[in-house]
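Per this note's numbering, the sequence shown runs over residues 4 to 190.
Note that CB positions come from ideal geometry on N, CA and C, so glycine has one too.
Please read these numbers as outputs of a predicted model, since none were measured by experiment.
Let me begin by presenting the structure, written as structure tokens, before commenting on it.
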Amino acid sequence: LALNPHLVYTFFIRNFLWSAPMSLSANASSPIPASSAPLLQAEGVTVRFDACERPFDVVRDVSFTLHPGRTLCLVGESGCGKSMTALSLLRLIPEPGRLAAGRILFEGRDLAELSKSAMERVRGRDIGMIFQEPMTSLNPVIRVGEQVAEPLMRHLRLSKKAALAEAVELFRLVGIPAPDMRVRDYP
């Protein structure tokens, strides 16, 4: 399966990696243990923009469940709502958009009900997102390793040295060659 790299989002949910390239079916190749509670659930998510003469739903009634260790892909044509669905998970919908209906549950907690500061603690520590345009997501004048280390220092309270060491390990885990050298590169 070849995916257009411009349509792929990667979410880091604790120790799980979720690549979300609007197919709502989970990987069916291995059964989910009966005791496995969902890690992430979207229930009837609707994202609405109120900027026009009348409200316009850009995402309407989207539901899915992601279990630990599983992969879920959101696949669809340009403009179908993949980006807004992904942004709604982290409560990053741009103004004048808003979550108009539905629930987003992470480990059973409704993210839409969290305070702004509580949601900021979830973002980056429990759930993170790499946006679809990596060339615009990385600052060209800051070394890649520092940019990867920054959220580790903020959310995991690692020292700069420990965060850079973790960045090298993360690069190694995803197959980036010579990760100890790549962390010192610019994007």
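Query: Evaluate the contact criterion for the region 113-125 versus the region 146-156: three or more CB pairs, one atom per stretch, below 8 angstroms.; Result: no
Query: In this structure, does DSSP put S66 in helix, strand or coil?; Result: strand
Query: Touch check for the region 72-83 and the region 119-129: three-plus C-beta pairs under 8 angstroms?; Result: no
Query: Report the start-end ranges of each beta strand (DSSP E) in the region 88-118 that is 3 residues or longer and not cut off at the edges.; Result: 100-109
Query: So for G178, helix, strand or coil by DSSP?; Result: coil
Query: Below 9 angstroms between beta carbons: does that hold for A121 and V50?; Result: no
Query: Using a Cβ-Cβ cut-off of 7 angstroms (strictly less than) and excluding sequence neighbours within five positions of L93, which residues of its own chain qualify?; Result: R126, I130, M132
Query: Does V50 come out as helix, strand or coil in the three-state DSSP assignment?; Result: strand
Query: Does the Cβ of G100 have 16 or more other Cβ atoms within 10 Å, making it buried, or fewer, making it exposed?; Result: buried
Query: According to DSSP, what are the bridge partners of A45?; Result: F67, I107
Query: Secondary structure at V144, three-state DSSP: helix, strand or coil?; Result: coil
Query: From the DSSP output, read off the bridge partner residues of D60.; Result: R51
Query: Ordered along the chain, which non-local residues of its own chain (more than five positions away) have a Cβ less than 7 angstroms from that of D188?; Result: R146, V147
Query: Determine the burial state of L69: buried for a count of at least 16 other Cβ atoms within 10 Å of its Cβ, exposed for fewer.; Result: buried
Query: Below 9 angstroms between beta carbons: does that hold for G105 and E46?; Result: yes
Query: Report the rounded CA-to-CA distance for L42 versus D60, giving the unit in angstroms.; Result: 26 angstroms
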